[in-house]
Amino acid sequence: MQLEQILQYTFSGLSTGAIYALIGIGFSIIFNATGIINFAQGEFVMLGGMLTLFFLEALKLPLWAAIPCAVAASALAGLLFERLAIRPLRQPTPLNLVIITIAGSILIRGLAMLLWGKDTHAIPPFTGDEPISIAGATILPQHIWILAITLLIIAVNKFFFYHTISGKAMRACSYNRRAAGLVGIDVRRMVLFSFVISSVLGSLAGIIVAPLTMTAYDVGVMLGLKGFCAAIIGGMSSGMATVVGGLILGVLESLGAGLISSGYKDAIAFIILLLILFIRPQGLFGKAESERV
Amino acid sequence: MKRELLKFLLFAVLVLVAPLAFKGGYLLNVLVFVGINTMLAVALNLLLGYAGQISLGHAGFFGIGAYLSGILTVTYGWNPWLAMPFAALAVGILAGLIGFPILKLKGHYLAMATLGLGIIIYIVFNETVDLTGGPSGLSGIPNLTVGSLVFNSDIKNYYLIWTFTLAVVLFAVNLAGSRVGRALRAVHDSEVAARVMGVNARLLKVQVFALSAVISSLAGSLYAHTMTFVSPVSFGFNFSVELLTMVVIGGLGSVYGSFLGAALLTLLPELLRGAQDYDIVIYGGLLMVMVMFMPGGLVRGIPDLFRRMARLREDAGNA
Amino acid sequence: MLEVSGITRVFGGVTALEDVSFTIGQGSITGVIGPNGAGKTTLFNIITGIYSRTSGRVILEDRDISGLPPERLARLGMVRTFQNIELFDTMSVLENVMVGLHTKSSSGLLACSLKMPWSIAEERRIRTTAMKWLDFTGISELADETAGNLPFGKGRLLEIARALAMEPRIILMDEPAAGLNSQETLGLAHLIGKIRQMGVTVVLVEHDMELVMDVCDRIVVLNLGRKLAEGTPREIQENPEVIAAYLGEG
């Protein structure tokens with residue numbers, strides 16, 4: 000195997016991995032604040048790309064305006080989802096939550112299909128598509144955008160969760176909901192925030208990757224699942240562990256597809272998921288929990 | 000116990016007599032699918048409704064049953080009556096082996112793991128083109144025959160499938176009301192208390208998982224031999240979600256509820272012939288509404304609704 | 000009958016139990032008491048196989064049962080009840096007790112589904128025996144009620160009936176009087192007496208001192224994860240260290 004080929008696969012793997020990391024952080028934020036795994040997370044990724052397209056083509060907005068509008072619209076969708084589907088649930092058992100979030104994802108996907116059809120669409124890359132050569136491998140400008148924006152988001156994330164009151168309040172909820180409520184934190188509002196933040200992250204992920212992989216009404220399913228996989232590898236952390244998880248997943252997937260077989264590419268993520276869940280369910284970096292009755 | 004037997008006999012009579020009401024060939028074809036989906040929904044319900052374990056990958060077992068039966072008969076010339084039990088046994092063993100590690104997981108994690116499993120199976124169907132024909136599917140699967148009777152028409156398939164479905168329903172009803180059924184429900188209600196009472200929860204969960212996989216495999220084989228053609232698209236995540244919807248809508252923990260759910264979801268697309276693309280929106284909407292307002296499913300929700308209306312009428316009368 | 004030897008349990012940085020040892024005689028009624036946080040429930044959970052121990056042993060009738068899971072302990076004759084009662088809420092009262100007879104029956108998955116004649120006969124026997132145990136605890140009129148709808152006191156009795164259906168050699172009760180009014184507590188004391196008469200060894204974790212002093216032959220006192228004292232009710236009541244532990248120093 001050529002070193003350049005491996006380098007190529009690694010680079011593209013890092014960039015898809017960054018996307019998985021962003022989506023995974025979205026899963027972790029909601030999970031840590033509420034204990035819910037939001038099966039609909041992938042659909043917010045899809046909404047990011049599709050809504051940007053809508054603002055670009057239907058409303059003829061320039062790219063730099065379409066993107067914030069799309070993100071805002073996705074945030075609204077996240078808010079509505081929490082209000083209409085999650086909050087009114089009378090018996091929030093894991094089964095009911097799984098079903099409601101799956102139902103939500105089906106609904107969102109269905110609406111997208113009705114509104115925008117089944118075709119795949121392309122979004123223009125942010126700064127053109129002149130390939131850049133690094134050590135014999137080629138990357139596109141969009142790859143750099145992806146890595147840069149991901150780093151920015153992680154930095155903002157870290158700042159938010161560790162240096163702002165709301166962020167610390169959300170972390171408090173994730174450690175101990177009851178205690179957080181007792182010290183005056185509005186837990187329900189934190190839950191709402193977590194959904195809004197996750198939909199923002201998800202839609203951003205969808206937007207920055209859409210120029211590379213096209214967007215369509217059903218891209219959310221696989222991306223969501225792989226983002227979840229990244230979160231599981233990272234032990235449901237909303238920080239570096241999930242980022243590393245996403246990058247590992249992206250690179251392994253890319254190397255596997257390139258070196259072994261491209262048909263089984265999607266299976267790689269799920270095999271990793273199963274292995275982690277079977278062998279080390281707390282993730283690569285988490286601490287094992289002792290069984291409590 | 001007598002009541003359960005009576006309910007079943009009534010159900011069986013209804014099933015046996017139904018074709019007479021539906022002279023038209025097309026609806027009969029749909030009813031064959033209702034039979035297959037009922038088998039699948041009952042199988043999933045045993046795991047989900049009784050044992051309380053979520054599985055989002057059951058379409059995978061359905062698919063393995065269909066493909067194994069198809070491949071063995073088409074490529075290797077096996078007799079379908081041999082291929083079916085062989086497939087069921089293979090699936091049972093696979094599910095038993097996978098069951099041990101997978102059922103250590105709970106709630107969301109189990110849901111995701113079974114989802115992942117189902118998708119891996121689906122990808123294998125698509126990629127092993129030499130064996131399965133890949134995305135274009137496997138055709139030429141022989142019909143089942145008994146002596147000179149070949150099951151190749153809607154009416155014959157109806158009775159063939161529903162014989163098996165009725166057997167599965169009876170099996171499930173018997174199980175539900177028995178010592179093992181109680182142990183299952185106990186594990187669902189309070190796993191720790193069930194274990195304290197001596198129930199080996201881990202083993203039981205794996206047994207039910209394997210049983211439900213075996214029934215799904217059987218349904219898959221029957222599906223292959225009646226359709227004579229299978230392709231991966233019928234065995235993906237979407238169908239697993241559809242099965243989940245059937246069980247939830249019908250009512251978790253109710254065998255006849257699973258029939259209701261299966262019937263409704265199989266007939267619905269037929270009724271929505273014109274609004275083809277709206278079906279996935281409707282599934283999503285239905286699921287949401289059911290979970291929010293009728294978490295017990297139709298089987299509990301409808302009698303409840305009547306009771307509430309009767310009480311309202313009573314209150315209005317007394318006012 | 001039951002010997003607890005050197006049980007130590009460390010959770011992360013916290014030592015919940017340190018070197019706890021005592022013996023329980025056959026057919027006795029023993030109380031385990033101590034201030035909140037003493038480690039009583041942790042000890043219980045270790046003995047009954049729900050928590051693992053860091054070191055030490057538990058021996059039941061000369062057999063080392065350390066680390067065995069609850070379902071194995073059930074077949075060796077040990078059962079427990081829970082402080083917050085763990086009933087099978089969606090099942091009827093009678094069905095709850097019928098699950099208690101799980102270890103006394105054997106029809107497997109296939110036999111049940113195919114309605115084999117021996118499984119039908121066994122089912123009839125399970126039902127009648129379960130009714131008997133409901134009678135024993137005095138709640139037979141509630142047989143068809145949904146367990147989740149029971150008032151707490153009746154739920155407590157149901158949990159005991161279910162546990163007794165297993166015909167255990169030893170029953171461990173975690174705060175059985177919690178949530179009971181004084182009349183119900185008297186009924187409980189009477190019931191514990193009946194259980195002893197059947198030859199079953201009883202161990203209680205309890206906070207209700209009246210009940211403990213009234214019913215128990217011996218008492219073990221835990222404090223801050225260690226065994227503080229052991230003796231008859233009178234000895235314990237007069238032990239200055241025990242008094243200090245409950246009331247605090249100075």
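Chains as they are written, first to last, in numbering that gives the first Met the number 0: chain S, 0 to 292; chain G, 0 to 318; chain Y, 0 to 249.
Beta carbons are placed, not taken as given, at the ideal position from N, Cα and C, and that holds for glycine.
*Where the alpha helix (DSSP H) through residue 319(G) begins and ends*: Any question about residue 319(G) goes unanswered here, given that chain G covers just 0 to 318.
*Validate contact between the region 127–140 of chain G and the region 65–81 of chain G using beta carbons, cut 8 Å, 3 pairs*: Contact holds: three or more Cβ-Cβ distances are below 8 Å.
*Can you tell me which of 250(G), 227(G), 268(G) and 257(G) puts its alpha carbon nearest to the alpha carbon of residue 136(G)?*
Closest option to residue 136(G), Cα to Cα, is 227(G).
*Taking the alpha carbon of residue 158(Y) as the point to measure from, which residue in 98(Y), 199(Y) and 200(Y) has its own alpha carbon closest?*
Closest option to residue 158(Y), Cα to Cα, is 98(Y).
*chain Y contact for residue 195(G) (CB, 9 Å cutoff)*: Cβ-Cβ to chain Y under 9 Å: yes for residue 195(G).
*Which runs of the alpha helix (DSSP H) spanning at least 4 residues fall entirely within the region 269–304 of chain G, listed in chain order?*
As summarised for the region 269–304 of chain G, the continuous alpha helix (DSSP H) elements at least 4 residues long and confined to that stretch are 278–292, given in chain order.
*Distance between residue 112(G) and residue 248(Y) (C-alpha atoms, nearest Å)*: Its pLDDT being 47, under 50, residue 248(Y) is placed unreliably by the model, and nothing is read from it.
*asked:* Please return the same chain residues whose Cβ sits closer than 8 Å to the Cβ of residue 274(S), not counting the five positions on each side in sequence.
replied: Sequence-distant Cβ neighbours of residue 274(S) in its own chain, meaning closer than 8 Å and more than five residues away, do not exist here.
*Residues of chain Y with CB under 8 Å from residue 180(G), in chain order?*
Those are 111, listed as they occur along chain Y.
*Any chain G beta carbon closer than 9 Å to residue 92(Y)*: With its beta carbon at least 9 Å from every one in chain G, residue 92(Y) lies outside the interface.
*Got a sec: is the Cβ-Cβ distance from residue 194(Y) to anything in chain G below 9 Å?*
No, residue 194(Y) lies away from the interface with chain G (no Cβ there is under 9 Å from its Cβ).
*8 Å contact criterion, which residue 105(S) and residue 282(G) should meet: CB distance rounded*: Contact holds; Cβ gap of about 6 Å.
_8 Å Cβ shell around residue 291(S) - same chain, five flanking residues per side excluded_ = Note on residue 291(S): pLDDT 34, under 50, position unreliable in the model; the coordinate value appears next. Correct list: empty, nothing qualifies.
*If residue 157(G) and residue 266(G) are in contact, beta carbons under 8 Å, what's the gap, nearest whole angstrom?*
That belief does not hold up - the Cβ atoms of residue 157(G) and residue 266(G) are roughly 15 Å apart, past 8 Å.
*For residue 183(S), count neighbouring Cβ atoms within 10 angstroms of its own Cβ and tell me buried if that reaches 16, exposed if not.*
Only exposed fits residue 183(S), as fewer than 16 other CB atoms lie within 10 angstroms of its CB.
*Backbone secondary structure at residue 26(Y) - three-state DSSP*: Of the three classes helix, strand and coil, the one that applies to residue 26(Y) here is coil, per DSSP.
*Leaving out five residues before and five after residue 68(Y) in sequence, what residues of the same chain have Cβ atoms less than 8 Å from its Cβ?*
The beta carbon of residue 68(Y) sits closer than 8 Å to the beta carbons of 48 from its chain, once the five residues preceding and following it are set aside; these are given in chain order.
*Compute every distance between the C-beta of residue 187(Y) and the non-hydrogen atoms of the ligand NAP, then say whether any falls below 8 Å.*
The ligand content of the structure shown is nil, which means the ligand NAP is not present either.
_Just to confirm my understanding: we take residue 174(Y), look at its own chain, exclude 5 residues before and 5 after, and list those with CB closer than 7 Å. What are they?_
A distance below 7 Å between beta-carbons, with the five flanking residues on each side excluded, links residue 174(Y) to the following residues of its chain, in chain order: 82, 204, 205 and 206.
_Please confirm whether residue 187(S) has its beta-carbon closer than 9 Å to some beta-carbon of chain G._
Not closer than 9 Å to any Cβ of chain G, the Cβ of residue 187(S) fails to qualify, so no.
*Any beta-carbon of chain G closer than 9 Å to the one on residue 269(S)?*
True, the Cβ-Cβ gap to chain G drops below 9 Å.
*Using alpha carbons as the reference points, say which of 17(S), 91(S) and 9(S) lies closest to residue 153(S).*
With distances taken between Cα atoms, residue 153(S) lies closest to 17(S).
*Report the option in 29(S), 241(S) and 139(S) whose CA atom is closest to the CA atom of residue 208(S).*
Out of 29(S), 241(S) and 139(S), the CA that lies nearest to the CA of residue 208(S) is found in 139(S).
_Distance cutoff 9 Å, beta carbons only. Does residue 199(Y) sit that close to anything in chain G?_
No, no contact with chain G.
*Which first and last residues belong to the beta strand (DSSP E) in which residue 275(S) is found?*
Residue 275(S) -> not in any beta strand (DSSP E); alpha helix (DSSP H) instead, spanning 264–278.
*Would the beta-carbon of residue 296(G) fall within 9 Å of that of residue 235(G)?*
If you check the CB distance, residue 296(G) and residue 235(G) do not come in under 9 Å.
*Where in the region 174–255 of chain G do unbroken runs of the alpha helix (DSSP H), each at least 4 residues long, occur, reported from the N-terminal end onward?*
Taking only runs of at least 4 residues, the alpha helix (DSSP H) segments lying wholly in the region 174–255 of chain G are 178–188, 190–195, 200–226 and 236–249.
*Could you give the residue range of the beta strand (DSSP E) that holds residue 133(S)?*
Unbroken beta strand (DSSP E) run through residue 133(S): 131–133.
*Out of 222(S), 188(S), 41(S) and 21(S), state which residue places its alpha-carbon closest to the alpha-carbon of residue 82(S).*
The candidate whose alpha carbon is nearest that of residue 82(S) is 188(S).
_Span separating the alpha-carbon of residue 231(G) from that of residue 305(G)_ = Roughly 42 Å between the two C-alpha positions.
_My output table needs one value for residue 136(S): the three-state DSSP class, helix, strand or coil._
In this structure, residue 136(S) counts as strand in the three-state DSSP scheme.
_Neighbour list for residue 174(G) in chain Y, Cβ cutoff strictly below 8 Å_ = Neighbours of residue 174(G) on chain Y, chain order: 108, 111 and 112.
*What residues in the region 111–143 of chain G have a beta carbon less than 8 Å from any beta carbon of chain S?*
If the cut-off is 8 Å between Cβ atoms, the region 111–143 of chain G has 111, 112, 114, 115, 116, 118, 119, 122, 123, 125 and 126 near chain S.
*Who are the near neighbours of residue 196(S) in its chain, counting only those whose CB is closer than 6 Å to its CB and skipping five residues on each side?*
Excluding its 5 nearest sequence neighbours in each direction, residue 196(S) has C-beta neighbours in its own chain below 6 Å: 28, listed in chain order.
_Along the region 35–67 of chain Y, where does the CB come closer than 9 Å to a CB of chain G? Name the residues._
Contact residues of the region 35–67 of chain Y toward chain G are 47, 48 and 49 (C-beta to C-beta distance below 9 Å).
*Look up residue 39(S) in the DSSP assignment and say whether it is helix, strand or coil.*
For residue 39(S), the secondary structure class from DSSP, reduced to helix, strand or coil, is coil.
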